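Colleague: Chains as they are written, first to last, in UniProt numbering: chain A, 1 to 227; chain B, 1 to 227.
Glycine included, each C-beta is placed from N, C-alpha and C at the ideal position.
Treat the numbers as computed from the prediction; the structure is a model and nothing was measured.
Pasting a structure here, questions to come.
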DNA sequence: ATTTTTTATACTGTATACAAAATGCTTGCG
DNA sequence: CGCAAGCATTTTGTATACAGTATAAAAAAT
């Protein structure tokens, strides 16, 4: 998905293979804008204005908005247009419960189905993340943290699971991104990750699920305190 | 003015385009057509033809297709248009694993959060379903069966959970619908449902989750044999 | 006869134009 | 001074037109 965006930046040089439709590009663009907070929750989206800003006409933009509405990032009110969807605290909490449950399922599946190489790749990510922690690089740490959680889900080799997990993840990303935790909590999170990696490498499904359970519950507490 | 809206919400949206946008109508229409098999998996969708059939122009139809593509019911190939998405056996199996996990989560939440009235309503649905079973009315049985499973999820009072559950459910509905099971398996399914209801009424979360687990695993086996 | 090239057709992708609805503002009246 | 009604403006909803691309069919060459 990200590669498509990169490729389209090169416009004409692209060969016929990965040419994406314009509305597809707009979807990715807008999704990023929403996740990164360029478009804020509750903000109304004016099609003419946004279209002009992006340099596209209303038609593909509207198609993109319908797509994002189905993803739940945008709210569509008939005859009144589109808004960036705003989530309540309960919504977020509910999503995190579901994400937690899905990662626990993924953990069990991954222990059974993951390849040794896949687990090794995750170990590499983990080690890199720890280095960023030690260097105090929050943003890099955060990104690798995300990749590890997504990676565990990917190891489960269950496309629909990865899809819905990604769907919910994209909605809470915006929130989690702002979560700055204190040094002792950060250290605790890293320690939890270490135990998670160990359980995965041992392919101990129940331990892994339990560790993820407490890690995600703690993570939610860590973030909640910042809202 | 307001009463009109309420009446429309309460009854059927017979007056096609009054409050909902046209693309919204088309989304619902097409979703039903796909789920009920009017549009078959792998079938290519020609915008002009389908639009003429539905009596709408291509613009709102295309918007509807984008929406359904995000739902995963339609596949969009750049420059080649839309197809009804076809799922592999593994896809279906993967979805059922996720659905099962989500219903188990819903079960645990429902035991803690459901109102007594909500559980009573589900009991009514269950009893009605049993009557349809005794009368041998497969279609009615099937519909109430679906409603009960959806109802358990609804009792969990977790909107995102209900949403993703419904998303996956809509994809497998088409498959499950054709599942004709023999009399002894049907009887077993009803017995499982009886135990599920009992556990829910007792608010015994672990028993309920376990019963749902075996019920859904069995259900999958029952359906798998028909594919 | 088979393969390749060319050409025609049909379909998708995007833009623009027009119609309907809603919002905001101004003006007139109480 | 406040409120309401009507008008103007803005914005969404839908249709249509045009351009680009893929597919299929037909013709030519090996």
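So, does the CB of residue 158 of chain B fall closer than 8 angstroms to a CB anywhere in chain A?
Modeller: Closer than 8 angstroms to some Cβ of chain A, the Cβ of residue 158 of chain B qualifies, so yes.
Colleague: Are the segment 69-77 of chain B and the segment 136-148 of chain B touching by the rule of at least three beta carbon pairs closer than 8 angstroms?
Modeller: Contact between the segment 69-77 of chain B and the segment 136-148 of chain B is absent, because fewer than three Cβ pairs lie under 8 angstroms.
Colleague: Based on the DSSP secondary-structure assignment, which residues constitute the bridge partners of residue 84 of chain B?
Modeller: B:74.
Colleague: What does a CB cutoff of less than 8 angstroms around residue 212 of chain A pick up in its chain, not counting 5 residues either side in sequence?
Modeller: Result list for residue 212 of chain A: 100, 103, 104, 107, 152, 196, in chain order.
Colleague: Need the endpoints of the alpha helix (DSSP H) that residue 121 of chain A sits in, please.
Modeller: Element bounds for residue 121 of chain A: 116-134.
Colleague: For residue 41 of chain A versus residue 80 of chain A, is the C-beta spacing smaller than 8 angstroms?
Modeller: No, Cβ-Cβ distance for residue 41 of chain A and residue 80 of chain A is not below 8 angstroms.
Colleague: In this structure, does DSSP put residue 203 of chain A in helix, strand or coil?
Modeller: Coil.
Colleague: Can you check whether the C-beta of residue 23 of chain B is within less than 8 angstroms of a C-beta belonging to chain A?
Modeller: Interface residue, yes.
Colleague: Just to confirm, is the Cβ distance from residue 193 of chain A to residue 126 of chain A under 8 angstroms?
Modeller: In this structure, residue 126 of chain A lies closer than 8 angstroms to residue 193 of chain A by Cβ.
Colleague: Per DSSP, what are the beta-bridge partners of residue 44 of chain A in this structure?
Modeller: Answer is A:83, bridged to residue 44 of chain A.
Colleague: Please report the distance separating the alpha-carbon of residue 44 of chain B from that of residue 23 of chain A.
Modeller: Distance between the alpha carbons of residue 44 of chain B and residue 23 of chain A: 20 angstroms.
Colleague: Could you say which of B:173, B:57, B:56, B:164 lies nearest to residue 145 of chain B if we only look at CA atoms?
Modeller: Residue B:173 is the option with its Cα nearest to residue 145 of chain B.
Colleague: Would residue 82 of chain B and residue 27 of chain B qualify as a contact pair, given that the criterion is a beta-carbon distance under 8 angstroms?
Modeller: Their beta carbons are not under 8 angstroms apart, which means residue 82 of chain B does not touch residue 27 of chain B by this criterion.
Colleague: So with Cβ pairs under 8 angstroms, would you call residue 155 of chain B a contact of chain A?
Modeller: Chain A, which has no Cβ nearer than 8 angstroms to the Cβ of residue 155 of chain B, makes this no.
Colleague: Counting only C-beta atoms, is residue 47 of chain A closer than 8 angstroms to chain B at any point?
Modeller: So no, residue 47 of chain A is outside the interface.
Colleague: Grab me the residues of residue 147 of chain A's own chain with a C-beta within less than 7 angstroms of its C-beta, minus the 5 sequence neighbours each way, in chain order.
Modeller: Excluding positions up to five away in sequence, the list reads 125.
Colleague: Would you identify the three-state DSSP class for residue 20 of chain A, choosing helix, strand or coil?
Modeller: Here residue 20 of chain A sits in coil by DSSP.
Colleague: Could you tell me which chain A residues have their CB closer than 8 angstroms to the CB of residue 164 of chain B, listed as they occur along the chain?
Modeller: Per Cβ cutoff of 8 angstroms: 98, 164, 167, 168.
Colleague: Taking its Cβ as the centre, do 16 or more other Cβ atoms sit within 10 Å of residue 60 of chain B, making it buried, or is it exposed?
Modeller: Label assigned to residue 60 of chain B: buried.
Colleague: Is residue 69 of chain A close to chain B, meaning its C-beta is less than 8 angstroms from at least one C-beta of that chain?
Modeller: Yes, residue 69 of chain A lies at the interface with chain B (some Cβ there is under 8 angstroms from its Cβ).
Colleague: Note down, in chain order, each residue of its chain lying with its Cβ closer than 8 angstroms to the Cβ of residue 120 of chain B, except the 5 sequence neighbours on either side.
Modeller: Hits under 8 angstroms: none found.
Colleague: Restricting to Cα atoms, I'd like to know which of A:217, A:112, A:215, A:161 is closest to residue 203 of chain A.
Modeller: Nearest C-alpha to residue 203 of chain A: A:112.
Colleague: Start and end of the alpha helix (DSSP H) containing residue 106 of chain A?
Modeller: First-last of the alpha helix (DSSP H) with residue 106 of chain A: 89-113.
Colleague: Give me the chain A residues within the contact set of residue 78 of chain B, using Cβ-Cβ distance strictly less than 8 angstroms, ordered along the chain.
Modeller: Here the neighbours are 19, 20, 21, 24.
Colleague: In terms of residues, what are the limits of the alpha helix (DSSP H) holding residue 155 of chain B?
Modeller: It spans 138-155 - the alpha helix (DSSP H) in which residue 155 of chain B sits, taken as one unbroken run.
Colleague: Determine, using beta carbons only, whether residue 91 of chain B comes closer than 8 angstroms to chain A.
Modeller: Chain A contact via Cβ: present.
Colleague: Should residue 83 of chain A be flagged as near chain B, meaning a C-beta pair shorter than 8 angstroms?
Modeller: No, residue 83 of chain A does not count as interfacial toward chain B.
Colleague: Output, in sequence order along the chain, the residues in the segment 172-199 of chain B whose CB is closer than 8 angstroms to any CB in chain A.
Modeller: From the segment 172-199 of chain B, no residue has a Cβ closer than 8 angstroms to chain A.
Colleague: So if I threshold CB-CB distances at 9 angstroms, which residues from the segment 114-143 of chain B count as touching chain A?
Modeller: Under the 9 angstroms Cβ criterion, the segment 114-143 of chain B contributes no residue.
Colleague: Residues in the same chain with beta-carbon distance under 7 angstroms from residue 114 of chain B, minus the five sequence neighbours each way, listed in chain order, please.
Modeller: 155, listed in sequence order.
Colleague: DSSP on residue 57 of chain B, reduced to helix/strand/coil?
Modeller: The answer is coil: DSSP assigns residue 57 of chain B none of H, G, I, E or B.
Colleague: Secondary structure at residue 28 of chain A, three-state DSSP: helix, strand or coil?
Modeller: Helix at residue 28 of chain A.
Colleague: Name the chain A residues whose beta carbon is nearer than 7 angstroms to that of residue 228 of chain B?
Modeller: This structure leaves residue 228 of chain B out entirely; chain B is present only between 1 and 227.
Colleague: Taking only the alpha-carbon atoms, compute the straight-line gap between residue 164 of chain A and residue 221 of chain B and give it to the nearest angstrom.
Modeller: Roughly 24 angstroms between the two C-alpha positions.
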